[in-house]
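Everything on this sheet refers to the single structure shown next.
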Ligand SMILES: Nc1ncnc2c1ncn2[C@@H]1O[C@H](COP(=O)(O)OP(=O)(O)OP(=O)(O)O)[C@@H](O)[C@H]1O
């Protein structure tokens with residue numbers, strides 16, 4: 001596996017606020033990553049350092065083995081699509097595509113036109129006259145057609161309706177299969193994208209909370225539901241990351257794989273067992289209450 005981004009003890013301080021605190025991770029070639037976390041966790045700050053829009057305070061950051069700052073050789077290999085992308089006032093959709101064609105070495109103009117038709121975008125309309133969702137579609141089209149070896153989508157779909165989001169996910173998967181590259185998706189719609197993600201990095205309050213293959217996270221927690229006394233007996237000595245009650249019933253989410261012996265015990269107690277989605281798992285793990293009580297691994 002080739003590493004395309006390497007962060008070691010990466011730290012970013014704004015004034016006296018540590019937005020990124022000693023974070024280390026590697027991003028490999030030709031994989032789809034989810035960069036996830038709550039509002040203000042530090043995801044955009046990391047993406048801005050990778051794309052040389054912010055200086056790191058300390059630590060190391062290498063992109064394709066080099067420092068990304070003022071390094072055009074590296075930056076032309078990265079396409080960064082963000083929700084708040086600004087375009088010059090007089091730009092029409094067609095101007096955005098033509099500018100992207102000049103910048104990205106692997107740009108595919110024919111594919112961009114196909115996507116324009118699919119998202120029903122008016123090529124000759126000024127970008128500032130587009131609806132919120134149409135503006136997001138422009139970013140998505142640039143991100144896909146750039147075929148950049150590192151393509152980063154930071155909450156790319158503000159205002160995009162469910163149909164258009166599905167088009168984005170489907171096209172991303174198809175095009176990624178034909179033209180593998182590294183994709184980093186940062187989003188709060190985790191359930192929607194979780195089937196696309198191969199590896200998940202979770203940032204919480206500026207620190208690295210999880211850095212794992214998505215498949216290994218899929219079976220990482222489960223929920224048991226049943227009468228309070230039986231739940232209490234079952235969960236003794238287990239890491240409960242979420243719990244809620246209703247009348248005499250309680251449900252408890254347990255951090256850990258459901259091994260055969262535990263499954264037998266739960267069944268013998270008559271408890272219902274349900275799986276936990278990656279989104280639920282991340283919500284529980286990043287909630288303040290849980291982090292105080294549970295130390296991961
Ligand atoms: N230029 C800046 N000056 C001061 N503080 C900043 C600056 N940029 C970001 N921050 C702070 O750093 C923290 C991380 O912000 P960041 O935008 O990276 O979060 P995020 O994970 O992308 O959040 P969201 O999901 O809401 O987009 C926040 O507390 C934010 O207020």
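In UniProt numbering, the protein residues as written are 1 to 297. Every residue, glycine too, gets a C-beta built ideally from N, C-alpha and C. Bear in mind the structure is a predicted one, so any value in this text is a computation, not a measurement.
| Item | Value |
| --- | --- |
| List the whole-angstrom C-beta distance separating residue 54 from residue 48, where the pair is believed to meet the contact cut-off of C-beta under 8 Å. | 4 Å |
| Can you give the Cα-Cα distance for residue 17 and residue 11, rounded to whole angstroms? | 11 Å |
| Can you list, in chain order, the residues of its chain whose CB lies under 8 Å from that of residue 228, leaving out five sequence neighbours each side? | 245, 248, 249 and 250 |
| Taking DSSP as the reference, what is the three-state secondary structure of residue 272? | strand |
| Is it buried or exposed for residue 34, if we count other Cβ within 10 angstroms and need 16 for buried? | buried |
| Going residue by residue through the region 192-217, where are the continuous beta strand (DSSP E) segments of at least 3 residues, counting only ones entirely within it? | 199-204 and 207-213 |
| Starting from the Cα of residue 105, find the closest Cα among 67, 79 and 14 and give me that residue. | 79 |
| I need the boundaries of the beta strand (DSSP E) containing residue 80, first residue and last residue. | 78-82 |
| What do you reckon, are the CB atoms on residue 58 and residue 100 nearer than 8 Å? | no |
| Starting from residue 23 and walking both ways along the beta strand (DSSP E), at which residues does that stretch end? | 17-28 |
| Hey, could you find the ends of the beta strand (DSSP E) residue 185 is sitting in? | 182-186 |
| Is the beta carbon of residue 8 within less than 7 Å of some heavy atom of ligand 1? | no |
| Just to confirm the assignment: which complete beta strand (DSSP E) runs, minimum length 3, are found wholly within the region 35-84? | 58-63 and 78-82 |
| Between residue 220 and residue 257, is the Cβ-Cβ spacing less than 8 Å? | yes |
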